[in-house]
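K.L.:
Respectively, the protein sequence lines represent chains D and V. In this text, residue positions in the first sequence follow numbering that gives the first Met the number 0: the first is 0, and each later residue adds one. In this text, residue positions in the second sequence follow numbering that gives the first Met the number 0: the first is 0, and each later residue adds one. Glycine included, each C-beta is placed from N, C-alpha and C at the ideal position. All figures in this text were calculated on a predicted structure; none of them were measured in a lab.
2 protein chains.
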Amino acid sequence: MVTERGLQVLRAIVQDYVDTHEPVGSKSIVERHAFGVSAATIRNDMALLEDEELIAAPHTSSGRVPTDKGYRVFVDHLAELRPLSAAQRAAISTFLADPADLDDLLARTVRLLTQLTGQVALVQYPSFASANVTHVELVRLDEFRMLVIIVTDTGRVSQRLTATPRGVDEEDVAVLRAQLAALIAGRSVRSGSERIDALRASAPGERSRLDEALITIAAVVGEELDEFRQDRLVMAGAATLARREQDFRGSIHPLLEAIEEQVTLLRLMSEMAADDKGLSASIGRENAAFGLGEASIIASDYDATIGRARVGLMGPVRMDYPSNLAAARAVARYLTRLLDEDDNRR
Amino acid sequence: MVTERGLQVLRAIVQDYVDTHEPVGSKSIVERHAFGVSAATIRNDMALLEDEELIAAPHTSSGRVPTDKGYRVFVDHLAELRPLSAAQRAAISTFLADPADLDDLLARTVRLLTQLTGQVALVQYPSFASANVTHVELVRLDEFRMLVIIVTDTGRVSQRLTATPRGVDEEDVAVLRAQLAALIAGRSVRSGSERIDALRASAPGERSRLDEALITIAAVVGEELDEFRQDRLVMAGAATLARREQDFRGSIHPLLEAIEEQVTLLRLMSEMAADDKGLSASIGRENAAFGLGEASIIASDYDATIGRARVGLMGPVRMDYPSNLAAARAVARYLTRLLDEDDNRR
DNA sequence: AATTGGCACTCAGAAGGATCGAGTGCCAAG
DNA sequence: CTTGGCACTCGATCCTTCTGAGTGCCAATT
Chain D
0 MVTERGLQVL RAIVQDYVDT HEPVGSKSIV ERHAFGVSAA TIRNDMALLE
50 DEELIAAPHT SSGRVPTDKG YRVFVDHLAE LRPLSAAQRA AISTFLADPA
100 DLDDLLARTV RLLTQLTGQV ALVQYPSFAS ANVTHVELVR LDEFRMLVII
150 VTDTGRVSQR LTATPRGVDE EDVAVLRAQL AALIAGRSVR SGSERIDALR
200 ASAPGERSRL DEALITIAAV VGEELDEFRQ DRLVMAGAAT LARREQDFRG
250 SIHPLLEAIE EQVTLLRLMS EMAADDKGLS ASIGRENAAF GLGEASIIAS
300 DYDATIGRAR VGLMGPVRMD YPSNLAAARA VARYLTRLLD EDDNRR
Chain V
0 MVTERGLQVL RAIVQDYVDT HEPVGSKSIV ERHAFGVSAA TIRNDMALLE
50 DEELIAAPHT SSGRVPTDKG YRVFVDHLAE LRPLSAAQRA AISTFLADPA
100 DLDDLLARTV RLLTQLTGQV ALVQYPSFAS ANVTHVELVR LDEFRMLVII
150 VTDTGRVSQR LTATPRGVDE EDVAVLRAQL AALIAGRSVR SGSERIDALR
200 ASAPGERSRL DEALITIAAV VGEELDEFRQ DRLVMAGAAT LARREQDFRG
250 SIHPLLEAIE EQVTLLRLMS EMAADDKGLS ASIGRENAAF GLGEASIIAS
300 DYDATIGRAR VGLMGPVRMD YPSNLAAARA VARYLTRLLD EDDNRR
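This is the structure we're talking about:
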């Protein structure tokens, strides 16, 4: 059984190891932390921690290093978030002031986070699946091309160029526009997509020329709506990895790969379980299934009327969790406030 | 003076060094290449090449390594492009078949190039500055928000959400739309942008309510048009850098930085001088001003009615120029063909 | 039962030294 | 101009030795 003091020793080991990047010995612990006991006593505690696989010795008779499990216990039970400095708080509000739109805001957020922490920053877009379609526009550019535009109440606009169905003139477009609006305007992205699927499946028998055109265009709209439902991610700070190669058993390749892939990271971000404060962490081998067994990802939920998503950081297992979690949380909170305000103003 | 055989020796050194990643000695040259002379003779040639600073010895009495200048001579005078394999040709046509739109095509191109060469691939968007605006649409979403949409004859569509000027109703919007169309429809992006600037500068005296609204919206359109004129870049293959750290004097940081920056690379790509075949290369220290003194960038122009731009590769100075140049050229040619076809079909 | 000082032991890493060999520069002869 | 010969250089490799931080264990102390 690990005692209370034992846990404090674990905390000390994690802190010192993150600081110094060197295995921590019993003597250096009593020097740096006021435990009021001798090195030999600490050694006994360390032996217990080692039995529990919370720490390990890289080789016989060397200092100890936290295991992934050790970091997990540290994050779950021992870490107190380190409050941001005044300068950092100031940086957040100036950096995120007056965003032009959602894209701009999130792009800035991700750069801010990577600057604040020196880690790779990840920002998930809010999911638009539950957004409602407010407008569908059809613009006939010429005989061959037309433009389909979809707008949601969350302010997302998407447009797509497609072929003008054969023989459709301006008047027809007006009719089609009305039909499309009747079909999906005011509905959620999800239900709109379903109604389009239903339409395409129905009445394969006799269709008028305009019905055909409607179905062709609805198909395009459907594809676009499906894209709304996909999660997206913005990232920054990949360059910071180069400085820290040895932190990842010598190869940052899997991380760069994941950054380029996006999909992996999106899944990982979505699957992490958050605590009651909206914070989550996935440490080292817990990410092995994603090829990121040498990395840790921490995240904080942010939350706005337009949807819920996460901001996160990816870095070495041996990262400064208290600071990074605090930074992610602070940014997430600020983001939440900005998005809510923006929503109220509307 | 460097003799003809001297240049052949340089070629051999570049080839072998790129192959083996080890300094090349006189003996290994006579072994691997049929020069018909002895090692001592090669040594004399090498001494001359060293005088010309085309090769250098990492330390006294070690094999030689090409200098940046040596690579330059190699690329300009000695390299014969290595034709692609049948498999590679096949890969190009299957991988690029049936693109959905320009974005899709270029995204695929960049992935293709990185796969083909194992280097970081860079694809420049064609410049839209000389494109013509065919449509300007104004969609009033509600009392507060409206949508500005711009379409060019190159098929590029861009949309932007902005505030509805106070008290502008549907009828006003129709008027504004007509005014905007009169202002820029049918004009080039460049001249449209200029006319908007002129409008904004003019008649600061008495303006009607609608004039004010027009100017507000024109400002947004102007910003958007200016964005058309900015070049853009897509990239892929950053992960491949991790494997090759030592090729860049141990730090890939500047490269990752450049990839994240984009702007630097765009400038570099635009400034490179192409030869008569549309190929260009910028080698090692030639990129020092961009912080990329350890890297080489090669590029091939591609060319379509919608504009002219480049596809490129970034890698270590010690890269396989003949293969990479050939790959870039092949892809660029294919791209040119696809874009032309697409244009004719329209 | 927990804590402590003492002590023998371990082992990675630094430091020093010897050796090896690929490769060079130079020269005199062909 | 080319070539074989030769002395020389110097990074890389392999050994050995040394050092010291750190451990595990034990008997004594509180």
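(1) Is the segment 309-320 of chain V touching the segment 116-129 of chain V, taking contact as three or more C-beta pairs under 8 Å?
(2) Between the segment 109-134 of chain V and chain D, which residues of the former have CB atoms less than 8 Å from a CB of the latter, in chain order?
(3) Could you tell me if Ala237(V) is buried or exposed, where buried requires 16 or more neighbouring beta carbons within 10 angstroms of its beta carbon?
(4) Can you confirm whether Gln178(V), when its beta carbon is compared against all beta carbons of chain D, has any partner nearer than 7 Å?
(5) So with Cβ pairs under 7 Å, would you call Ala241(V) a contact of chain D?
(6) Would you call the segment 21-34 of chain V in contact with the segment 73-82 of chain V, where contact means no fewer than 3 C-beta pairs closer than 8 Å?
(7) Taking 7 Å as the threshold (beta carbon to beta carbon), is Leu175(D) in contact with chain V?
(8) Taking the Cβ atom as the reference point for each residue, do Thr263(V) and Ala272(V) lie within a distance shorter than 7 Å?
(9) Classify His252(D) as helix, strand or coil using the three-state DSSP reduction.
(10) Name the chain D residues whose beta carbon is nearer than 8 Å to that of Ala238(V)?
(11) Report the partner residues of Gln158(V) according to the DSSP bridge assignment.
(12) Quick one: Cα of Ala301(D) to Cα of Thr2(D), how far?
(13) Does the beta-carbon of Arg63(D) have 16 or more other beta-carbons within 10 angstroms, so that it is buried, or is it exposed?
(14) CA-CA distance, Glu259(D) and Ser269(V)?
(15) Using a beta-carbon distance below 7 Å, is Arg344(V) in contact with chain D?
(16) When DSSP labels each residue in this structure, what does His58(D) get in the three-state scheme?
(17) So that I know if they touch, is there some Cβ in chain V lying closer than 7 Å to that of Gln158(D)?
(18) Out of Asp246(D), Asp210(D) and Val188(D), state which residue places its alpha-carbon closest to the alpha-carbon of Gln229(D).
(19) Which residue spans inside the segment 169-218 of chain V form an unbroken alpha helix (DSSP H) run of at least 4?
(20) Are Arg199(D) and Ile214(D) close, meaning C-beta to C-beta below 7 Å?
(21) Closest to Thr59(D) by CA distance: which of Thr335(D), Gly166(D) and Pro22(D) is it?
(22) What's the C-alpha gap between Ser295(V) and Leu83(V)?
(23) Determine which residues share a DSSP beta bridge with Met348(V) and list them.
(24) Opposite Leu137(D) in the DSSP bridges: which residues?
(25) Taking 7 Å as the CB-CB cut-off, is Leu312(V) touching chain D?
(26) Pairs of beta-carbons, one from the segment 42-52 of chain V and one from the segment 86-98 of chain V, closer than 8 Å: are there three or more?
(27) Thinking C-beta only, is Ala303(V) closer than 7 Å to Thr335(V)?
(28) So, does the CB of Glu21(V) fall closer than 7 Å to a CB anywhere in chain D?
(29) Restricting to Cα atoms, I'd like to know which of Ser207(D), Ala235(D) and Arg176(D) is closest to Gln261(D).
(30) Comparing alpha-carbon positions, which option in Arg194(V), Arg248(V) and Ser207(V) lies nearest Asp225(V)?
(31) Rounded to a whole number of angstroms, what is the C-alpha to C-alpha distance between Gln14(D) and Gly277(D)?
(32) Determine the direct distance from the alpha carbon of Ala99(D) to that of Ala197(V), and round the result to whole angstroms.
(33) By the 7 Å beta-carbon criterion, what residues does the segment 83-102 of chain D contribute toward chain V?
(34) Return the chain-ordered ranges of every beta strand (DSSP E) run that is complete within the segment 258-331 of chain D and spans a minimum of 3 residues.
(35) Go through its chain and collect everything with a Cβ distance to Asp246(D)'s Cβ below 7 Å, but skip five positions before and after it.
(36) State the Cα-Cα distance for the pair Ser92(D) and Arg144(D), rounded to the nearest angstrom.
P.N.:
A quick look at the data gives this:
(1) yes
(2) Thr133 and His134
(3) Walking along the second sequence from the start, residue 237(V) turns up at place 238. By the 10 Å Cβ count, Ala237(V) comes out buried.
(4) The residue labelled residue 178(V) in the question sits at position 179 within the second sequence. No, Gln178(V) does not count as interfacial toward chain D.
(5) Walking along the second sequence from the start, residue 241(V) turns up at place 242. It does: the Cβ of Ala241(V) has a partner Cβ on chain D nearer than 7 Å.
(6) no
(7) Here residue 175(D) is taken as the residue at index 176 of the first sequence, counted from 1. Judged by the 7 Å Cβ criterion, Leu175(D) is not in contact with chain V.
(8) Counting from 1 along the second sequence, the entry for residue 263(V) is found at position 264. Counting from 1 along the second sequence, the entry for residue 272(V) is found at position 273. The answer is no: Cβ separation not under 7 Å.
(9) Residue 252(D) sits at position 253 when you count from the first residue of the first sequence. Three-state DSSP puts His252(D) in a helix.
(10) Here the question's residue 238(V) lines up with position 239 in the second sequence. By Cβ distance, chain D contributes His252, Leu255, Glu256, Ile258 and Glu259.
(11) Start at 1 with the first residue of the second sequence, and residue 158(V) comes out as number 159. For Gln158(V), which the question treats as bridged, DSSP gives the partners Ile148(V).
(12) For the purposes of this step, residue 301(D) is identified with residue 302 of the first sequence, where counting begins at 1. For the purposes of this step, residue 2(D) is identified with residue 3 of the first sequence, where counting begins at 1. Note on residue identity: the sequence assigns Tyr, not Ala, to residue 301(D). When rounded, the distance between both Cα atoms is 36 Å.
(13) If you number the first sequence from 1, residue 63(D) lands on position 64. Looking at its Cβ environment, which holds 16 or more other Cβ atoms inside 10 Å, Arg63(D) is buried.
(14) The sequence position of residue 259(D) within the first sequence is 260, counting from 1. The sequence position of residue 269(V) within the second sequence is 270, counting from 1. Cα to Cα, the separation comes out at about 25 Å.
(15) Taking the second sequence and counting its residues from 1, one reaches residue 344(V) at position 345. Model confidence at Arg344(V) stands at a pLDDT of 49, short of 50, so the residue's coordinates are unreliable; what they give is reported in the following sentence. Cβ-Cβ to chain D under 7 Å: no for Arg344(V).
(16) On the first sequence, residue 58(D) is found 59 positions in, with the first residue counted as 1. In this structure, His58(D) counts as coil in the three-state DSSP scheme.
(17) Within the first sequence, numbered from 1, the residue matching residue 158(D) stands at position 159. It does; some Cβ of chain V falls within 7 Å.
(18) Here residue 229(D) is taken as the residue at index 230 of the first sequence, counted from 1. Among Asp246(D), Asp210(D) and Val188(D), the Cα nearest to that of Gln229(D) belongs to Val188(D).
(19) 169-183 and 188-200
(20) Taking the first sequence and counting its residues from 1, the one referred to as residue 199(D) is at position 200. Taking the first sequence and counting its residues from 1, the one referred to as residue 214(D) is at position 215. Result yes, Cβ atoms of Arg199(D) and Ile214(D) sit closer than 7 Å.
(21) On the first sequence, position 60 is the one that residue 59(D) refers to. Minimum Cα distance to Thr59(D) is reached at Pro22(D).
(22) Start at 1 with the first residue of the second sequence, and residue 295(V) comes out as number 296. Start at 1 with the first residue of the second sequence, and residue 83(V) comes out as number 84. Using only the alpha carbons, I get a separation of about 21 Å.
(23) Because chain V in this structure spans residues 0 to 345, residue 348(V) falls outside the shown range and cannot be described.
(24) The count along the first sequence starts at 1 and reaches residue 137(D) at position 138. Looking at the DSSP assignment, Leu137(D) forms a beta bridge with Val147(D).
(25) In the second sequence, counting from the first residue as 1, residue 312(V) sits at position 313. Closer than 7 Å: no.
(26) no
(27) Numbered from its first residue, the second sequence carries residue 335(V) at position 336. Numbered from its first residue, the second sequence carries residue 303(V) at position 304. Yes, they are a contact pair.
(28) Taking the first residue of the second sequence as position 1, residue 21(V) is located at position 22. Chain D, which has no Cβ nearer than 7 Å to the Cβ of Glu21(V), makes this no.
(29) Locating residue 261(D) in the first sequence gives position 262, where the first residue counts as 1. Among Ser207(D), Ala235(D) and Arg176(D), the Cα nearest to that of Gln261(D) is on Ala235(D).
(30) Position 226 of the second sequence holds residue 225(V). Of the candidates Arg194(V), Arg248(V) and Ser207(V), the one whose C-alpha sits nearest the C-alpha of Asp225(V) is Arg194(V).
(31) Stepping through the first sequence from its first residue, residue 14(D) is reached at position 15. Stepping through the first sequence from its first residue, residue 277(D) is reached at position 278. Rounded to the nearest angstrom, the two C-alpha atoms are 23 Å apart.
(32) Taking the first residue of the second sequence as 1, we reach residue 197(V) at position 198. Taking the first residue of the first sequence as 1, we reach residue 99(D) at position 100. Answer to the nearest angstrom: the Cα atoms are 25 Å apart.
(33) Asp100
(34) 278-282, 294-303 and 306-315
(35) Taking the first sequence and counting its residues from 1, one reaches residue 246(D) at position 247. Only Pro315 and Arg317 meet the Cβ criterion.
(36) Position 93 of the first sequence, counted from the start, is the residue given in the question as residue 92(D). Position 145 of the first sequence, counted from the start, is the residue given in the question as residue 144(D). Roughly 44 Å separates the two Cα atoms.
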